[in-house]
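As they're listed, the protein sequences go chains A, B, C and D. At position 52 of the first sequence the residue is numbered 52 (our numbering), and the sequence of numbers has no breaks. In our numbering, each residue carries its 1-based index in the second sequence increased by 77. In our numbering, each residue carries its 1-based index in the third sequence increased by 154. In our numbering, each residue carries its 1-based index in the fourth sequence increased by 296. Note that beta-carbon positions come from the ideal geometry of N, C-alpha and C, so glycine has one too.
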Amino acid sequence: MEVKVLFFGVLAEVTGTNFKNFRDVKSIGDLKLRIQDDFPEVVHYNYRISLNNEIINTDLKLKDGDEVALMPPFAGG
Amino acid sequence: MEVKVLFFGVLAEVTGTNFKNFRDVKSIGDLKLRIQDDFPEVVHYNYRISLNNEIINTDLKLKDGDEVALMPPFAGG
Amino acid sequence: MVTDYLINGPITKKVICCFLEKIDEKTNSGGHSVFLGQVRADEFNGKKVTAIEYSAYEGMVMVEADKIKATILSEFEDAKSIDFVHSTGIVKAGEISLFVLVSAGHRYQAIHACTKTVELIKEKLPVWKREIFDDDSHEWKQ
Amino acid sequence: MVTDYLINGPITKKVICCFLEKIDEKTNSGGHSVFLGQVRADEFNGKKVTAIEYSAYEGMVMVEADKIKATILSEFEDAKSIDFVHSTGIVKAGEISLFVLVSAGHRYQAIHACTKTVELIKEKLPVWKREIFDDDSHEWKQ
Chain A
1 MEVKVLFFGV
11 LAEVTGTNFK
21 NFRDVKSIGD
31 LKLRIQDDFP
41 EVVHYNYRIS
51 LNNEIINTDL
61 KLKDGDEVAL
71 MPPFAGG
Chain B
78 MEVKVLFFGV
88 LAEVTGTNFK
98 NFRDVKSIGD
108 LKLRIQDDFP
118 EVVHYNYRIS
128 LNNEIINTDL
138 KLKDGDEVAL
148 MPPFAGG
Chain C
155 MVTDYLINGP
165 ITKKVICCFL
175 EKIDEKTNSG
185 GHSVFLGQVR
195 ADEFNGKKVT
205 AIEYSAYEGM
215 VMVEADKIKA
225 TILSEFEDAK
235 SIDFVHSTGI
245 VKAGEISLFV
255 LVSAGHRYQA
265 IHACTKTVEL
275 IKEKLPVWKR
285 EIFDDDSHEW
295 KQ
Chain D
297 MVTDYLINGP
307 ITKKVICCFL
317 EKIDEKTNSG
327 GHSVFLGQVR
337 ADEFNGKKVT
347 AIEYSAYEGM
357 VMVEADKIKA
367 TILSEFEDAK
377 SIDFVHSTGI
387 VKAGEISLFV
397 LVSAGHRYQA
407 IHACTKTVEL
417 IKEKLPVWKR
427 EIFDDDSHEW
437 KQ
């Protein structure tokens, strides 16, 4: 299985990419560790996580094709 | 001396005119009586009085060329 | 008749777009709040409003409109500019009779200053209206 | 890219006038409240903002924008329609990056519903921005 992780705002800048695919991640908690391995600078930033366009606050299981986004505070308008 | 009296809104309708000139009126109080003589229906309506574009609440003396308006409640917008 | 504040007949989209064209150049503005008042085809006792006929005390409108602008600019320090125009004469249902545009450095000031301007226009501007119904009768509004 | 809610680059006067063209036909509306957000040429430490670059999570914008509309329509019973569009990409100082139009039966509902819509856009829409300065440096805004 594979999930897509999107980086927005300052996180796209510090990671140097808009997205990265991760294989064989069981849960959001698992994914966060994998992201920190690849992009250690991410821990210095404030962000929320969405799963398939829905902001989530708890650890959830992931399935193939899920889209996860790391979102710094919104700044529209 | 002569003053010009303007009628607005429903008062223009009930008096049948937009304005009338009055000669030899000493004061607003005097003018109100003269208006009531000519247009007795005016007493049935709510209105404020302005003198030269300024709303007034007291009796004031009038001079030649003054413009007085009888104004029902405003209804702009 | 067109003055700074009154326009004869409905306020057309062309007039509105002309006002909006002007705002681009002010690079110290962060927000613009616009209010458009439109004639509504209300129904009363089976009669439908087809138009509103507005009349105004033009000389006093100029005086009061300038006062409204001064009040808003002193109350909202962040407000940069205030424009408004009100219709006189016949405005049909679905047409615009009031346009207000307030520009400010920040959005809340723009919005609140615009809201206050609309309130002051209703309260202070010597304008009257009568609703014209589909049976050609009419009724003065307060 | 143009979707229902996002537009690439500044929101031009032509786009704004297109939205305004549509409102004339609704004879049950009494007021329209419009908010325009504009990029301000702010100065910080001697550097001047020349533009803002916006980015958006497009898929989630669609979801959240629909929710914002539904929230406003349920909270303001008198609201008839809500339209808004936000820029992505570069918008220069003096250009418009946010357009909101709310129509309602009565003016206060139009004004309050528009204000609430602007607040929800700021709070809920997944959009980010960085200010571009005249020395080509930039700074992410929150």
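Residue range of the unbroken beta strand (DSSP E) whose run includes residue i
{"i": "Arg-111/B", "result": "Careful: Arg-111/B lies outside any beta strand (DSSP E), inside the alpha helix (DSSP H) at 105-115."}
{"i": "Ser-370/D", "result": "No beta strand (DSSP E) holds Ser-370/D; the alpha helix (DSSP H) holding it covers 354-371."}
{"i": "Thr-384/D", "result": "375-388"}
{"i": "Leu-60/A", "result": "Taken as a continuous stretch (DSSP letters only), Leu-60/A belongs to no beta strand (DSSP E), as it is neither H nor E."}
{"i": "Lys-237/D", "result": "No statement about residue 237/D is possible, as the shown extent of chain D runs from 297 to 438 and does not include it."}
{"i": "Glu-67/A", "result": "67-71"}
{"i": "Val-119/B", "result": "That residue, Val-119/B, is in no beta strand (DSSP E); it is neither H nor E in DSSP."}
{"i": "Val-249/C", "result": "Before going on, a small fix: residue 249/C reads as Glu here, not Val. Unbroken run through Glu-249/C: none, as it is neither H nor E."}
Residue i, buried or exposed, once every other Cβ within 10 Å from all chains shown has been counted against 16
{"i": "Met-78/B", "result": "exposed"}
{"i": "Ile-35/A", "result": "buried"}
{"i": "Cys-410/D", "result": "buried"}
{"i": "Lys-4/A", "result": "exposed"}
{"i": "Ile-319/D", "result": "buried"}
{"i": "Gly-200/C", "result": "exposed"}
{"i": "Lys-283/C", "result": "buried"}
{"i": "Leu-110/B", "result": "exposed"}
{"i": "Val-43/A", "result": "exposed"}
Same chain only: Cβ atoms within 6 Å of residue i, ignoring 5 sequence neighbours per side
{"i": "Arg-100/B", "result": "Glu-79"}
{"i": "Gln-334/D", "result": "Ile-392"}
{"i": "Ser-187/C", "result": "Val-256, Ala-264, Ile-265, Cys-268"}
{"i": "Thr-384/D", "result": "Leu-302, Asn-304, Tyr-350, Ala-352"}
{"i": "Gly-184/C", "result": "Gly-259, His-260"}
{"i": "Asp-59/A", "result": "Ser-27, Ile-28, Gly-29"}
{"i": "Val-91/B", "result": "Glu-118"}
{"i": "Leu-369/D", "result": "Ala-375"}
Residue i: first and last residue of the uninterrupted alpha helix (DSSP H) it sits in
{"i": "Thr-269/C", "result": "261-278"}
{"i": "Phe-315/D", "result": "309-317"}
{"i": "Val-281/C", "result": "Premise fails: Val-281/C lies in the beta strand (DSSP E), 281-287, not in any alpha helix (DSSP H)."}
{"i": "Val-10/A", "result": "10-15"}
Check whether residue i and residue j have beta carbons under 8 Å apart
{"i": "Ala-205/C", "j": "Ile-244/C", "result": "yes"}
{"i": "Leu-6/A", "j": "Asn-21/A", "result": "no"}
{"i": "Ala-258/C", "j": "Ala-233/C", "result": "yes"}
{"i": "Ile-307/D", "j": "Val-414/D", "result": "no"}
{"i": "Val-164/B", "j": "Ser-127/B", "result": "Nothing can be reported for residue 164/B, as the shown portion of chain B is limited to 78 through 154."}
{"i": "Lys-418/D", "j": "Gly-77/A", "result": "yes"}
{"i": "Ile-28/A", "j": "Ile-56/A", "result": "yes"}
{"i": "Asn-130/B", "j": "Val-281/C", "result": "no"}
{"i": "Phe-429/D", "j": "Val-345/D", "result": "yes"}
{"i": "Phe-8/A", "j": "Leu-421/D", "result": "no"}
{"i": "Leu-190/C", "j": "Leu-252/C", "result": "yes"}
Own chain partners of residue i with C-beta closer than 7 Å, once the 5 adjacent residues on each side are dropped
{"i": "Asn-324/D", "result": "Lys-376, Gly-401"}
{"i": "Asp-431/D", "result": "Lys-343"}
{"i": "Arg-125/B", "result": "Ile-132, Met-148"}
Sequence-distant residues of the same chain with beta carbon closer than 8 Å to residue i, five excluded per side
{"i": "Gly-390/D", "result": "Gln-334, Val-335, Ala-337"}
{"i": "Val-87/B", "result": "Tyr-122, Pro-149"}
{"i": "Asp-66/A", "result": "Val-3, Lys-4, Leu-51, Asn-52"}
{"i": "Val-156/C", "result": "Residue confidence is low: Val-156/C scores 46 on pLDDT, short of 50, so the model does not pin down where it sits. No coordinate-derived value is stated."}
{"i": "Glu-197/C", "result": "Val-203"}
**Prompt:** If you scan the stretch 330-356 of chain D from start to end, which runs of the beta strand (DSSP E) of 3 or more residues do you find wholly inside it?
**Reply:** 343-352
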